[in-house]
Structures are given as structure tokens and as C-alpha cells.
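A.B. asks:
There are 2 protein chains.
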Amino acid sequence: MDGAEAAQGEEQRGDPPEAPRRRSDETRAAILRAARDRFAADGYERATIRLIAREAGIDPSMVMRYYGNKSGLFAAAVEFDLKMPDVYYIPRRHVGAMLVRHFLSRWEQDETLTALLRVGATNPEGAEEMRRIFRTQLRPLADELSPDAEEAATRSALAASQILGMALCRYVLQLPPAVDMSHEEIVRWLGPTIQRYLTGDAPPPPPDEAG
Amino acid sequence: MDGAEAAQGEEQRGDPPEAPRRRSDETRAAILRAARDRFAADGYERATIRLIAREAGIDPSMVMRYYGNKSGLFAAAVEFDLKMPDVYYIPRRHVGAMLVRHFLSRWEQDETLTALLRVGATNPEGAEEMRRIFRTQLRPLADELSPDAEEAATRSALAASQILGMALCRYVLQLPPAVDMSHEEIVRWLGPTIQRYLTGDAPPPPPDEAG
DNA sequence: ATGGCGTGTCAACGCTCGTTGGCCTACAGT
DNA sequence: ACTGTAGGCCAACGAGCGTTGACACGCCAT
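Going down the list, the protein sequences come from chains A and B.
With positions in the first sequence counted from 1, the corresponding number in my numbering is that position plus 119.
With positions in the second sequence counted from 1, the corresponding number in my numbering is that position plus 119.
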């Protein structure tokens, strides 16, 4: 509607072309920052506009002015680029470990992914956004590794299940053993799993084990 | 399917001559059933007492009478026994596949686990309940497979991450490829992963690949 | 019959939420 | 100096929530 969402891109993307800097840009950014914080910590329903506004140091009505409504604010707050590396340039046997490392760093760089996961679990809009990111950002990578489209879909879903599962245990549920693991420990355990899911042979059907 | 266990789980082993069957037992069970439905579909905050009551066909105040408050209702609704099989009686090499199969069936038998996972993602109480179930019902199994307690903790967390991750993708986020997979397909892919996490060799530290 | 208890309804409370509209202030363009 | 506008605050709204207390019915033992 007001096309203001473009303003938030400057945080990550630093686009130099003639961007008419408005005085409100800082406020907009502060709102987004606070929104990500609250969504990540509390999920969609418990993250209130009032609290987000207070954390950003402005009035709740400003949030409405800049983002229309709560749903619009959420959409702007979780716009996210996974920045998936191009697997073309990576030795195939290192794809698994590399991906785990990449996700760990993406996950801990800010609160966006935690917000997305937390909201995706209870909010239809959040779930749809997760599916969208999976479809547009993770699946293409599997397509590049496997010629068969359906198999690539399965493989990428398997990889997603392991990566999201670890993120869930570590950043959302905060299961103590998962929280305590180091990055390298996680890479060593999960890397081979992701590797097998994306590039390993499809598992054979069960070799008849009725007895 | 048996609504009998839903009633308090207090008086149902064997048959005590005096069955203090109350006329309200059916109502209590209906409330729990509706509560699990709503918690599983909407999470904690969006599942309202009023809606649960309407689905159970009674007045909201009945819910309060029988379960005290919303939090008490939740606790009663997600009381859950994973019914983990004793790994002692299972060929060690089949532990992974067996566990995946077991979880799939536990997950699809009713809505309790989905409710738990969905709520655990946004509600502190729900997260604590998930940690409790992990600690008391899943971890002991790993303890039985590994002599070292700390290693068992790590291993069981890894297994949990993969199982919960698949459940998240399949039952909560409903990622299409994960939803479309058959049980056997899931077992064939995830079984070896769980097997390795629980019984495989610990992965070696990286063989020096600084370059 | 009668009184108590178990089961249920109804109406209302206090609260918080998302959202709205009016008003104030600083300042840039004329 | 005047005025339009962008940036901001404030007070209020209607709705929905969890929760409460008073009350009504039907059953049993008295």
C-alpha cells in the first residue's frame, strides 16, 4: 500500500542508489528490530504491538502508520534471505557440513529465523511463510543436486526436517543437551546426515524381514 | 480412541470393586478431547476456553470447575505417556527404525503430541513440559544404550532433534514433501540417522582441513 | 416431602488487545 | 512570515479474553 517496506532492506543490503532518506527510517528500523525480538521470544499472539512499540521507544499508533497492521508488521519483520551458497562451487562431499555450518551462523546472526520458526508453529501466516522460504530458497539447492524433481523435493524436506529440528531443540525448546553442544559438535553429527539426505543413495526397500 | 483413559488416569487399573464413576466423567473427557483438538490446531493462546467449551458442548464455566484454569486444562490435556519400548528386548541394529516407527504411530494416534509441540514452541509452560517428557521418557532409553551419561544426553538430543524436526515439518508446518512421504519412506530415511545418533561411533574431530 | 449435592447455565467483571482519529510540533518551501 | 506536511503522542473504541458468582435443575438418601 504505502510501499514503505523497501526501507527495511537497507539494513542488510545497503543499496546505494538514490534512496530518499527519510527522517523516519530510524524509527522504522527500530520497530522492525523490536518486532523481531518480541516475535522470536513470544510468538505471534503474545508479542503485542504495545510491547513492541515500547521497546522501540515510540507510540503504538506509529506501528500502524508504518506497517498497516500487526500482520503487515510480521511480514516485514520476517522478510528473510537465507543467502544459500551456490552448491556448484562446493566440493560435493562437503555439502552437508557446509550447510549445517551455514545454517548455524544464519540462525545466530539475528532473531529473524527464531521468530519465523516460533510463529510458524502456531500461526497460519507464519507457517505459510516458512513453506515459502523452503520452496524458494532451500529446495532449489536440492534440485541442483538431484536430477529428479520429486526425489529432490523429498531430499530437501529431509534436510529441512533435521535442520529445523535442531533449531527447534536448541533455540526454541532449549533442550539442555542441544543448547550445550558446540557448533563443531553439531556440524560433526549433523553434517553426515544432511550429506546423506541430499547426496546419498536412496535407502533400499526393506529386505524382507517378516521373520 | 479410548476416552476412558482421558478421565484423570486415576482409577482404571484392574477393576476396583468400587468404581466411583461420576456422571460428569463423560463431560470431563469431552473437554479434554476438545482441548487437545484446539491446542493442536491453534496453539495455546489462540485456543480459547470458550471455543473448547463450545466444541465439547458445555458452558465455559464448566471447564474452570473441572480444571481450575486454562493452564490446568492444558496440563491435563497433554499428559502423555510415550510408551517407549524397552530397548533391552530389541536387536540393537534395529533400534533406529523401530524408534521412528514407534514415534510415527504415537504421533498419529491422537492430537496430543501435535498439541504439545505446537504449544511448546510459543508457551513457556509447553516448552517445559516438552523438556520434562524428553528428560523422563526419551533420555533413559539413550542411557541404556550408552554408558557415558553426558554422551547419552547428547545422543538422545540428536535423536530428538531429528524426530521432532520431522514431526514439525509434517504435522505442524505441513511442508508438502514431508506430508506426502509414507511411513515406510520415512522409516527408511530416518531410521539409519537415529541408529547412528544412538549407537554409532562418535564422529571424529575434523581431520585437519584448515586449507 | 425435603434437603443437600452434583451438574449445568447465565450474566457479568476486569483486563488487554488491535486499531482509530484527533491533535500537537518542528520544519522546509514558498 | 505563512503554511503544508511529515513525524509523533494521546485518549478512546469495540471486541474478545479468562474468570467469577449467583442461580436452576435433577437426583439420591433421608
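Think of the CB as a built atom: it goes at the ideal place given N, C-alpha and C, for glycine as much as any other residue.
In or out: V214 of chain B buried (at least 16 other Cβ within 10 Å) or exposed?
C.D. replies: V214 of chain B is buried by the Cβ-count criterion.
A.B. asks: In the segment 263-284 of chain A, which residues sit with their C-beta less than 8 Å from some C-beta in chain B, listed in chain order?
C.D. replies: So the list reads A272, T273, S275, A276, L277, A279, S280, Q281, I282, L283, G284, given in the order they occur along the chain.
A.B. asks: Is the shortest distance between the beta-carbon of M300 of chain B and the beta-carbons of chain A less than 8 Å?
C.D. replies: Judged by the 8 Å Cβ criterion, M300 of chain B is in contact with chain A.
A.B. asks: Chain B partners of T312 of chain A, CB-CB under 7 Å?
C.D. replies: Within 7 Å Cβ-Cβ: T312.
A.B. asks: Quick one: what's got a C-beta closer than 7 Å to L309 of chain A's C-beta in the same chain, skipping five residues either side?
C.D. replies: Excluding residues within five positions, the ones whose Cβ falls inside 7 Å are V219, Q281, M285.
A.B. asks: Grouping DSSP H, G and I as helix and E and B as strand, with all else coil, what is V197 of chain A?
C.D. replies: Three-state DSSP puts V197 of chain A in coil, outside helix and strand.
A.B. asks: Measuring CA to CA, which of B:R315, B:G162, B:K189 is closest to R237 of chain B?
C.D. replies: Cα-wise, what sits closest to R237 of chain B is B:G162.
A.B. asks: Give me the residue from B:L277, B:D320, B:R289, B:E303 with the minimum Cα distance to I313 of chain B.
C.D. replies: For the residues B:L277, B:D320, B:R289, B:E303, the minimum Cα distance to I313 of chain B belongs to B:L277.
A.B. asks: Assuming A271 of chain B and R250 of chain B make a contact with CB atoms under 8 Å, what is their CB distance in whole Å?
C.D. replies: With a Cβ gap of about 16 Å, A271 of chain B and R250 of chain B do not count as contacting.
A.B. asks: Quick one: list the residues of chain A neighbouring M249 of chain B, beta-carbon separation under 7 Å, in chain order.
C.D. replies: L292, listed in chain order.
A.B. asks: Tell me whether E230 of chain A sits in a helix, a strand or coil according to DSSP, three-state version.
C.D. replies: Here E230 of chain A sits in coil by DSSP.
A.B. asks: Identify, in the order they occur along the chain, each residue of the same chain with its Cβ nearer than 7 Å to the Cβ of A172 of chain A, setting aside the five sequence neighbours on each side.
C.D. replies: Cβ neighbours of A172 of chain A beyond the five flanking positions: D178, P179, M181, V182.
A.B. asks: Terminal residues of the continuous alpha helix (DSSP H) containing F158 of chain B?
C.D. replies: That run of the alpha helix (DSSP H) goes 144-165.
A.B. asks: For the alpha helix (DSSP H) that Q314 of chain B lies in, which residues bound it at each end?
C.D. replies: Its alpha helix (DSSP H) spans residues 302-318.
A.B. asks: What does E164 of chain A touch in chain B if you count any residue whose Cβ is under 7 Å from its own?
C.D. replies: Ordered by position in chain B, the residues that pass the 7 Å Cβ test against E164 of chain A are E164, R165.
A.B. asks: Anyone know if the C-beta pair for A149 of chain A and A175 of chain A falls short of 8 Å?
C.D. replies: The answer is yes: Cβ separation under 8 Å.
A.B. asks: Please classify D200 of chain B: is it buried, with 16 or more other beta-carbons within 10 angstroms of its beta-carbon, or exposed?
C.D. replies: Answer is exposed; the Cβ neighbour count stays below 16.
A.B. asks: Let me make sure I understand the geometry here. Which of B:Y185, B:R152, B:A166, B:A153 has the alpha-carbon closest to that of S143 of chain B?
C.D. replies: For the residues B:Y185, B:R152, B:A166, B:A153, the minimum Cα distance to S143 of chain B belongs to B:Y185.
A.B. asks: Given a limit of 7 Å on CB to CB distance, which residues of the segment 186-220 of chain A reach chain B?
C.D. replies: So the list is empty, because no residue satisfies the distance condition.
A.B. asks: Quick check on the burial criterion: 16 or more other C-beta atoms within 10 angstroms. Buried or exposed for T273 of chain B?
C.D. replies: Classification for T273 of chain B: buried.
A.B. asks: From E244 of chain A to L292 of chain B, what distance separates their C-alpha atoms?
C.D. replies: When rounded, the distance between both Cα atoms is 11 Å.
A.B. asks: Would R152 of chain A and L170 of chain A qualify as a contact pair, given that the criterion is a beta-carbon distance under 8 Å?
C.D. replies: No, the pair does not count as a contact, with Cβ atoms beyond the cut-off.
A.B. asks: My guess is that A297 of chain B and R307 of chain B are in contact by the Cβ rule of under 8 Å, so how many angstroms apart are they, rounded?
C.D. replies: Not really, about 14 Å apart at Cβ, beyond 8 Å.
A.B. asks: Assign S275 of chain A to one of two classes, buried (16 or more other C-beta atoms within 10 Å of its C-beta) or exposed (fewer than that).
C.D. replies: By the neighbour-count rule (16 or more Cβ atoms within 10 Å), S275 of chain A is buried.
A.B. asks: Quick one: residues in its chain with C-beta nearer than 8 Å to the C-beta of P204 of chain A, no 5 flanking neighbours on either side, listed in chain order?
C.D. replies: So the qualifying residues of the chain are M217, H221.
A.B. asks: Rounded to whole angstroms, what is the Cα-Cα separation between P322 of chain A and M300 of chain B?
C.D. replies: Cα-Cα distance, rounded: 14 Å.
A.B. asks: Quick one: what's got a C-beta closer than 7 Å to P311 of chain A's C-beta in the same chain, skipping five residues either side?
C.D. replies: The residues are G215.
A.B. asks: Within the same chain, show all residues whose beta-carbon is closer than 6 Å to that of E91 of chain A, passing over the 5 residues directly before and after it, in chain order.
C.D. replies: Any property of residue 91 of chain A remains undetermined from this structure, which presents chain A solely from 120 to 330.
A.B. asks: Quick one: residues in its chain with C-beta nearer than 8 Å to the C-beta of T70 of chain A, no 5 flanking neighbours on either side, listed in chain order?
C.D. replies: The question about residue 70 of chain A has no answer here: the residues shown for chain A are numbered 120 through 330.
A.B. asks: For chain A, is any of its Cβ atoms less than 8 Å away from the one on D178 of chain B?
C.D. replies: D178 of chain B does not count as touching chain A.
A.B. asks: Determine whether the Cβ of L287 of chain B lies closer than 8 Å to any Cβ atom of chain A.
C.D. replies: Judged by the 8 Å Cβ criterion, L287 of chain B is in contact with chain A.
A.B. asks: Between F253 of chain A and chain B, is the shortest Cβ-Cβ distance under 8 Å, so that the two count as touching?
C.D. replies: Yes, because at least one Cβ of chain B sits closer than 8 Å to the Cβ of F253 of chain A.
A.B. asks: Between L223 of chain A and I305 of chain A, is the Cβ-Cβ spacing less than 8 Å?
C.D. replies: The answer is yes: Cβ separation under 8 Å.
A.B. asks: By how many angstroms is the C-alpha of V197 of chain B removed from the C-alpha of G319 of chain A?
C.D. replies: Using only the alpha carbons, I get a separation of about 38 Å.
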